[in-house]
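These notes concern the structure reproduced below.
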Amino acid sequence: MPDTTERAAAPGREAVAVLPAAPDLLRAALADARSPRAPELSPYVPERPFPWNAPATANTGEPGTAIDVDRVLRLSLAAPAGTPGRLRPVPSAGALHPVRAHLLVGPGCSLPPGRYAYAPRTHRTHRRGPAPDGVPPGALVVLTVAASRTVAHYGHRAWPLLLLDAGHAAAALALAGATTADVLVSLDADGSLLSAAAGLPGAPDWQDIWPGTEPELPLAAVRLTAPSSPVEAEPPLGAWAALPRASAPTPQPGADTTPPRELAAARHLLHQIAETPGLPDGTWHPARRPGELTDETLETRRSAPPEDLNRPPEKELLTRILATAEGALPEVPAWTVALGGVTPALHAATPGRGLDVRAVGDARPTLAHWAAGQHWIGTAGAVLLAHGCPEDAPRATVRSSHLAAGYAVGAAQAHASALGLRSRPIGSWQQADLGAALGDTPGRDWIVHGLALGAPLTPAATPATTTTTAEVTSVPTPATPPTASAAPAAPPGEEECP
């Protein structure tokens, strides 16, 4: 992310334009997030203490319990002891980690049945209330986002990043649980039902009910059950939602009761996107875990620094990683790979044939321009691209496209780590109309997410460089000239990530 010296200084918050009312709100917000408009200067919002102060509970229980909650959380969301947030295994935009996990635990788990909030920095669960009578075995994890820090850092670009962050967290939980449990993932369950199941107020009423605390917006859910155990058709969200509201968080200074207009708009938008009253329980899909993944890989995976990503991976490895992304969930967008090396090109996967060339030439400088001016992308070995989500997409498509892209890139990054490749997610894209750049109808095929990939460095290796030829005509071209100020440059290590 550009630091504050590269962000547009604006008058006060009162000068921020008011977004149009629904149904145009989403389309306007999506266009704004994809526009070259730089985020405005905002006061820094520090990380606040974990808000749930109920007594901490050890995550381990009786030996032999079907689902080891401690292990799943340790391999997915836990912050390693003694490390800053940027070194967590799961990437997050600006290393802000806005995603919170609420556990709804039934019998057969290493935690006693009940509602819990999870604190990743201490790797402890905090009990918030009981479980309903007769709840089936297993655990549900409701993933919410606290938007204030991400909005303060990224402004109008924040809300798509929050969706990507939630998708990455869902993938981390699914990958951690899939070796010892059956895992189902839902990216479209109704937000109001998820809030009620987790014992939380709905976002519009949150600060009236719990003043002085920061609202959390539910976006996704993960279900863990014992392997091969009978599973009813629908997860028991309704049974959890029928309980009284669970314990409240502790009010904290700075957890705004009257949010700035941009933060209020982001919360309203995410709340609206997550509303699916016609299908409240959502659709649930089984999680897949690549065979090469180990617990050690999940614990030690990290986003690589840009300078470690300059060597093109082998095409066979790229094909396997692309297959992981494409097969992660049914809702995933389309996928393309920009590959560097001696013969740079855009590739797409073809069943039974590996990678097929989609366009010849080096697309990486254009991708660097589109991705907030992050120049290192221009020399990355390869860039995996999730694309789709038309400019007039309905809210269900916008939600699923971003959550599924985050989920799939999370799975692909873990697989890349298992194969020995270096990787780094790329979250924020401006004017990145890939379809239009390739000669298709404008506005229909936008880049949603990306993953830079590089072959592992060896002691004798030096970063590979590629000469760009100006005569190539089939490469995507920027929507604005490379010298224009469509996206400010970002210093290494401070990029939009995931």
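Here the sequence shown stands for residues 8 to 505, numbered as in the working numbering.
The C-beta atom is built at its ideal place from N, Cα and C for all residues, glycine as well.
Look at Thr326 here: in three-state DSSP terms it is helix. Taking 7 Å as the cut-off, the Cβ atoms of Gly434 and Leu168 count as close.
Pro372 carries a helical assignment under DSSP once its states are collapsed to helix, strand and coil. Sequence-distant partners of Leu33 (beyond 5 residues in either direction) whose C-beta falls short of 6 Å from its own C-beta, in its chain, are Arg402.
The alpha helix (DSSP H) runs lying completely inside the region 181 to 213 and spanning 4 residues or more are 198 to 204, given in chain order. With fewer than 16 other CB atoms across the displayed protein chains lying within 10 angstroms of its CB, Asn60 is exposed. Annotation: the continuous alpha helix (DSSP H) that includes His275 extends over 268 to 280. Excluding five sequence positions before and after Ala228, the CB atoms of its chain that fall closer than 7 Å to its own CB belong to Leu147, Val148, Val149, Leu150, Ser193, Ala196, Leu201, given in chain order.
In the three-state scheme derived from DSSP, where H, G and I count as helix and E and B as strand, Tyr51 is classed as coil. By the criterion of a C-beta distance shorter than 8 Å, Thr307 is surrounded in its chain by Pro96, Ser424, once the five residues flanking it on both sides are discounted. Each of Ala248, Arg78, Val152 was checked against the Cα of Asp288, and the nearest Cα belongs to Ala248. Using a C-beta cut-off of 8 Å, the region 34 to 48 makes contact with the region 160 to 175, since at least three inter-stretch Cβ pairs fall below that distance.
Under the criterion of beta carbons closer than 8 Å, Gly198 and Leu180 do not qualify as touching, at roughly 18 Å. Secondary structure of Arg107 (DSSP, three-state): strand.
Taking His175 as reference, the option from Ser310, Ala345, Gly442 with the minimal CA-CA separation is Ser310. For Leu224, the enclosing beta strand (DSSP E) covers residues 224 to 232. For Ala40, the uninterrupted alpha helix (DSSP H) run begins and ends at 31 to 40, by DSSP. Taking all protein chains shown into account, Tyr123 has 16 or more neighbouring C-beta atoms within 10 Å of its C-beta and is therefore buried. Nearest to Thr129 by C-alpha distance, out of Gln437, Pro58, Ala177, Gly141, is Pro58.
Collapsing the DSSP output to three states places Ala154 in coil. The alpha helix (DSSP H) runs of length 4 or more contained entirely in the region 416 to 476 are, from start to end of the chain, 441 to 444. By DSSP's assignment, Asp363 forms a beta bridge with Ala355.
Trp377 carries a helical assignment under DSSP once its states are collapsed to helix, strand and coil.
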